[in-house]
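Just below is one structure, and these are the notes that go with it.
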Amino acid sequence: MIDLFDRTGKLNLVNVVDSKLRERHIFLHGLFIDAVNSVIEALIDGAVYSVPLSHGKDSSLTLIIVLEAYKRAIKAGLIEADRPLISYCTNTKSESIIMNMFSSFAGKKLVMYAKESGINLNYQQISPQLSDEFFIRWASASKLIPSPLRAGDCSVILKVGPAEKHLAKVLSKLPNKFKSVHIALGSRNKESSRRSENMNKMQLSNKIVKIERSGIAKNLFQVAPIAELTNDDVFELLALIGAHPISKWTIDVNIESYMSNFGLLLELYGNGSNDVCELVIGKTQSSSCSGTARFGCFTCTMSKYENSGIETAKYPRYSLLGAEKALRLRDWLFRIGNTNNKNRAFHAKAYDEVGLNRILLQPNILKSHFLEKIIWYASQLTADSIKAAKDFAEHVENNTLEQHEGYSDILNDPNIAQATKNEFLDMYVSEAQIPQFNVFSERHAILLSAKWAIDGITALPYRPLKIWKMVTEQGKSLSWPKTHNEIEALGGRIELDRTLPNPVALKTMHENTNTNMDFINMNTPLIEYFSLPQHFLGGLVEQDMNCSIKSTSKESIDLNASYQAYLSIDDRKEGEIIGSIRLDSRSVYIRLNNIQISNVTSPQSNLSMKLKDNIKAELINIAHSNLIDHFEHFDDKTRHMLDVEVMELLNKEVHAINSNAGKASVSIPYLKPIKVGQVARTSPIKVSRIKEASPRVILKKKNGIIFGNSRVRSYPLNLEPILKDRSILDIKVLKPHFESTLESTLINYQATINNTTDDILNVLNIDVDNELFSLWKWNGGMERALRQHDHYLEFWMNSRSESPAYRFRKFNGYQVITDLFGEGGLQVKSTYKKVFIEHLKRTWLFNEIGAYDFANSKISDLNSHPDVVDMKTHRDDKAKILINVRKIRNEKRKKYKPMMDGVGRINSVAQAVKDFIEMNLDYSRMHILCGFDARANCVFFDNPATLSQRESTYRTWLLMYQDKFVDIDTLIECLIGRKIAKEIKESKEYPRLMKVVKSLKFSRKLLESVEIKKHYEAAIEDLSKFNEKLTAIGHSKADLEVLKSQYSALMIKYHIDPEKYFNFNTENRQNKQNLAHRVISIIDHLKLSTEMANVAEMNVSKLLEQSGKYGVKSMSLEDKLLAVS
């Protein structure tokens, strides 16, 4: 007990203060222990903790609590020593220099402390993938500079998205015995209005809240261990924590953690700061930083002034490392993005399918010369940062730190306590040798060159790469822009431009010679007019002589499957090896013991068992290839690991594959769903149709309504009323469709993409083969790219007087795509191929039309151009089309309403059955013919879809539907679905349907099929005899010549269309083995195909017989008597 009075009986004020401080420390320690104990209770129940760490005051204290709980629980034997603790810090690559340095410095200490304490910590500093970094996303056609006038998603892209992906990846490899994960957030009830609002949204005013995350199988809970702490509680606790805290406890306790004390953190933030960027707009107290609390980025343009950046730049310790230049760049970004909307380009990104296929020129990106300037400043900032780090490293090496202005700024700062100063200097020495603004690189320049080419930016090819090289290798630079304060000191004003120019529309069709109804009847989207640019075709008369293009199927269906692989690791190279790993002491091998295919499905059709069995071998090969690719780059990821770490990671990878099903898919070309009829649904279904409207921005004022700009939303020209989607089912079946399209072979597509942290793109759908990329550079690819840039620059300069100034910058990115996605090593994942090709087709088509020529135009130039239509006129023209569309929909609605009452349903279903059966007979015949002609190789067939491809397509179709023809009910269910088929079967309409089906006439089709089958059954017999003779002749050349003539005669005899037949050239068949192989191949095909045709004939006869029986069986006595009469 402290005596509050001295010996004379007077009150001792020192003792009073000590008593209150002691009570305060007891209270704080109680708060800390309560939080620790709540974590320990969850740990005992089997939880694993994950702590997202910003290295700010709140998240740091939360992590300290969780670390202490783990340490105490392990020491007491309450949990196993290897219980994982997950923590991660997301660095946006645009962080303020203060937190960039501190998070790196503190992160190293954290990892060291966890290792010394025996805590199984999984800590990583993560960043957005390269394609999502600020100077990629916001320096291309993807995003506009964030503005306080509109909602942004920069926080989600740069911070939240990478964190969620990382957590999902880590949790996917967490052992199954850990069922629940507690995500400990540093959120508190008594803090800023913004974060309090976020807590309310997440229900974190409660102690624990269960959350759902797609793709994560674990039970996830969000917890807030410090929810009840005040700002003072947090700051005082941080001052008391550490082996050498900056404040001494007045009670007998000591709380150690990963920093010897947290004085440096408190020094950096100050007692009035939060660990997040607190942007607030007006009186609403709403967040302007994309709705997610986080650290401020030096690139943040969500407020007019970046106060923390202004203050930071005043200190030599930071300005020498680039903080002042970063502030200048940030202020300039704000001005070009927000203070003058004339800086925006009228970029073509979409076309209006309903509005006469006009291309929409929208002011939704910056003009290309501003994008180029962003690259200049980002390159300069990086280059200067690298130089500053190198200069400081020389001071460290020469032991002249006190001569460095930044170091001496800290050393001589009288306002920093000595203990904190020592920690500050340690951090500065550790981190200032690393570039603090490493925001651009050669990798960024290559990727941005590709993105600009993909998106149609009007710039020279490889312009970002050229700028990077000029800055880093030639020392060229632009003068740094002024800050806001400097401009305002000179009398300038920084004001937001709230006037946004309206989009305009560019004509693409001959509108004067066609009416609106002509356009509606054509109903052809603009993209359908695309063809490969002329220079891809090479100017060759024979396109099959041009190896840079190939013909591909325009239509295809996808078959998706799951597979389960069973792998093992062995020191012996035995069995089926799919990968090997080089260790320091030996090599280990990954063996594939078994692989099983399951759940083969198609979104377009139900699959028969025969087809599934037929394609299983191909799916197994694809799955096998996926597994090989998975381990191909494993050595690259583990190159700097110890053997024990490599084996631990390898065991986890193998366990994950053995425990989870993989995905494989195969595309079947030349098949397309077509409509063969319509039938009313048993009951309407819910339909979500894209909103077919693009309303204008409307501001409601007291004195009336003010109409603002048009919102531009493209949607397809749909002539069907929504009544049809809800109540009428299109009866669809797959049909061979042999239309083809030309495709460039210069773009590299891969079945699987292996993403590593070193990859140039590091995205899910586009990746780089580092070996190919290095080979491209070694073979002079970089020099050729720069020469290409210089060549076009010279050409543009020489021809600049021939076109308006706004057309000086043109798009010319064709060669960039073919270079980088060909020999340059960039690859597109096969499953992303369709989307990628559609994107390229749009860009190339728009360029051929000339849409990108208007990107840098003034609005006055656009309005005076004869092919440009202002938005009011475009909306009027579109309204006229939509009036006609409404009339068409109304007429169709009248047609569909009787169908909904059952009118014509039986005839429609019967007609679909007839068409389906005729397809079966026709394709059985075509299967025989195409296969024979392909193997006999005795017809001239000039078509991109070869005879072999056609035969394969017909066979696939027959296999796909073969088991649907065995029963009339199965056939009807295949066409109209189980629900409608069941309703018909249970109704009085069923006997009539069977009667109609029975009356269907297939005699001509059946006769054609029987004749073809007999014809080729005879061919089998003659060719078999011929093959026996061929086998018996030995090596007699004379006998071989005789047999060749006999073979020629057989081809004449059995070829169906003699006019297309060309005589067998015996001189080209000098080898007996070749001829024998061909004959056997023809015989095998004819046996298989005639057997399939025979099955088709039998099924048709069976169906007709069944329909007759079912019809009579299901008839009422009244119907039977009526039929007899």
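So for the sequence shown, our numbering puts the first residue at -4; every next one is plus one.
Where is the CB? At the ideal position from N, CA and C, for every residue including glycine.
Nearest-angstrom Cβ-Cβ length linking residue i and residue j, presumed shorter than 8 Å
i, j, result
"PRO459", "SER444", "5 Å"
"VAL1132", "ALA905", "Given a span of -4 to 1120 for the chain in the structure shown, any question on residue 1132 remains unanswerable."
"THR307", "GLY332", "Actually they are not in contact, since the Cβ atoms of THR307 and GLY332 sit about 22 Å apart, beyond 8 Å."
"ILE592", "LYS611", "5 Å"
"GLU657", "ASN621", "In the sequence as displayed, the identity of residue 657 is Gly instead of Glu. Indeed they touch by this definition, with Cβ atoms about 6 Å apart."
"ILE1123", "HIS834", "The displayed coordinates of the chain run from -4 to 1120. Any statement about residue 1123 would go beyond what the structure contains."
"ASN653", "LEU562", "6 Å"
"ASN214", "SER175", "4 Å"
"SER252", "ILE59", "5 Å"
"SER709", "GLU348", "6 Å"
"PHE129", "LYS88", "7 Å"
Beta-carbon contacts of residue i that lie in its chain and below 8 Å, excluding the five residues immediately before and after
i, result
"LYS502", "LEU351, ARG353, ASP862, VAL863, VAL864"
"LEU38", "TYR44, ALA64, TYR65, ALA68, LEU73, ILE74, ARG78"
"TYR423", "MET96, ARG312, GLY401, TYR402, ILE405"
"LYS681", "ARG721"
"ALA340", "PRO358, ILE360, LEU361, LYS362, SER363, THR453, ALA850, ASN851"
"LEU420", "TYR402, ILE405, LEU406"
"LYS887", "LEU714, GLU715, PRO716, LYS719"
Beta-carbon spacing of residue i, residue j below 8 Å
i, j, result
"LEU1001", "LEU916", "yes"
"LYS727", "ASP958", "no"
"ILE669", "LYS632", "no"
"PRO358", "MET866", "no"
"ILE963", "SER1102", "yes"
"GLU818", "GLY776", "yes"
"TYR457", "GLN783", "yes"
"ASN117", "SER98", "no"
"TRP952", "LEU614", "no"
"ASN851", "LYS362", "yes"
"TYR310", "HIS479", "no"
"ARG330", "LEU125", "no"
"SER660", "THR826", "yes"
"LEU840", "PHE525", "yes"
"PHE927", "HIS1080", "yes"
"LEU1099", "LYS993", "yes"
Buried or exposed by the 16-neighbour rule on C-beta atoms within 10 Å, applied to residue i
i, result
"TRP773", "exposed"
"LYS15", "exposed"
"VAL898", "exposed"
"LEU473", "exposed"
"LYS344", "buried"
"ASN266", "Because the pLDDT of ASN266 is 31, which lies under 50, any placement of that residue in the model is unreliable, and the question is left without a value."
"SER589", "The residue asked about is misnamed: residue 589 is Asn in this sequence, not Ser. So ASN589 counts as exposed."
Cβ shell of residue i (< 6 Å), same chain only, five flanking positions each side left out
i, result
"VAL1107", "Because the pLDDT of VAL1107 is 46, which lies under 50, any placement of that residue in the model is unreliable, and the number read from its coordinates should be weighed accordingly. So no residue of the chain qualifies."
"GLN375", "VAL466, SER472"
"ARG987", "ILE901"
"LEU712", "GLU348, VAL349, ASN518"
Same chain, Cβ closer than 7 Å to residue i, neighbours up to 5 away in sequence not counted
i, result
"LYS607", "VAL595"
"ALA675", "SER722, ILE723, MET894, MET895, GLY897, ARG900"
"PRO141", "GLY147, CYS149, THR296, MET297"
"PHE626", "ILE573, GLY574, ILE585"
"ILE246", "ARG17, HIS20, ILE21, HIS24"
"ASP492", "ASN333, THR334, ASN335, ASN336"
"HIS860", "none"
"LYS464", "LEU781"
Original post:
Can you list, in chain order, the stretches of the beta strand (DSSP E) that have 3 or more residues and sit fully within the region 807 to 859?
Top reply: 821 to 824
Subject >> Complete runs of the alpha helix (DSSP H) confined to the region 322 to 410 [at least 4 residues] >> reply: 363 to 393, 400 to 406
**OP:** Ignoring anything shorter than 4 residues or poking outside the region 760 to 790, list the alpha helix (DSSP H) runs there in chain order.
**Re:** As far as the region 760 to 790 is concerned, its whole alpha helix (DSSP H) runs of at least 4 residues are 765 to 773.
Original post:
Which runs of the alpha helix (DSSP H) fall wholly inside the region 113 to 197 and span at least 4 residues, in chain order?
Top reply: List check, alpha helix (DSSP H) in window: 129 to 132, 156 to 167, 188 to 196.
**OP:** May I have a chain-ordered list of the alpha helix (DSSP H) segments no shorter than 4 residues that lie completely inside the region 446 to 482?
**Re:** 458 to 467
**OP:** Only counting runs of 3 or more residues, tell me where the beta strand (DSSP E) segments fall wholly within the region 623 to 680, in order along the chain.
**Re:** 657 to 664, 666 to 675
Original post:
If you scan the region -2 to 74 from start to end, which runs of the alpha helix (DSSP H) of 4 or more residues do you find wholly inside it?
Top reply: Those alpha helix (DSSP H) runs which fall completely within the region -2 to 74 and span 4+ residues are 8 to 39, 52 to 70.
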